[in-house]
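In our numbering, the protein residues as written are 988 to 1128.
Quick look at the structure:
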């Protein structure tokens, strides 16, 4: 056993003296996902729209984002034709990238700070009548 350890240490020392090092990690391994706290609200009135879109968001946000859906409920009205992403904090640098991951264009992003943000929500998604089209666009072939 000591001969094996000696051979390993010797190999290590020779590699260091030659200037060899371990290969650089793959860039895919270097991705550190960002955790987002999200609220999903039904704005179209179709039963189950918020929970269906919640599954879509969790599936498609990775590997860049880990989405924690803190609340699913109803929006203030059911008249939303288009799905919207509302940033709830002043610093929302990742909104465009998050929106793209779930099939939303940048013109669907707005900012409105929550007065009482007890859950520390980063984004609210208001699910519009177009949600099934958005899900279909992001399905893997």
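All C-beta atoms in this analysis are idealised placements derived from N, C-alpha and C, irrespective of residue type, glycine included.
- The three-state secondary structure of residue 1047, taken from DSSP, is helix.
- Segment contact: the segment 1087-1096 against the segment 1023-1036, fewer than three CB-CB distances shorter than 8 Å; contact not assigned.
- Within the same chain, Cβ atoms closer than 6 Å to the Cβ of residue 1030 are found at 1062, 1067, 1113, 1114, 1115, the five residues on either side in sequence being excluded.
- The DSSP-derived three-state label of residue 1092 is coil.
- Counting only the Cα atoms, residue 1117 lies some 23 Å from residue 1057.
- Per DSSP, residue 1108 lies in no beta strand (DSSP E) segment and is marked neither H nor E.
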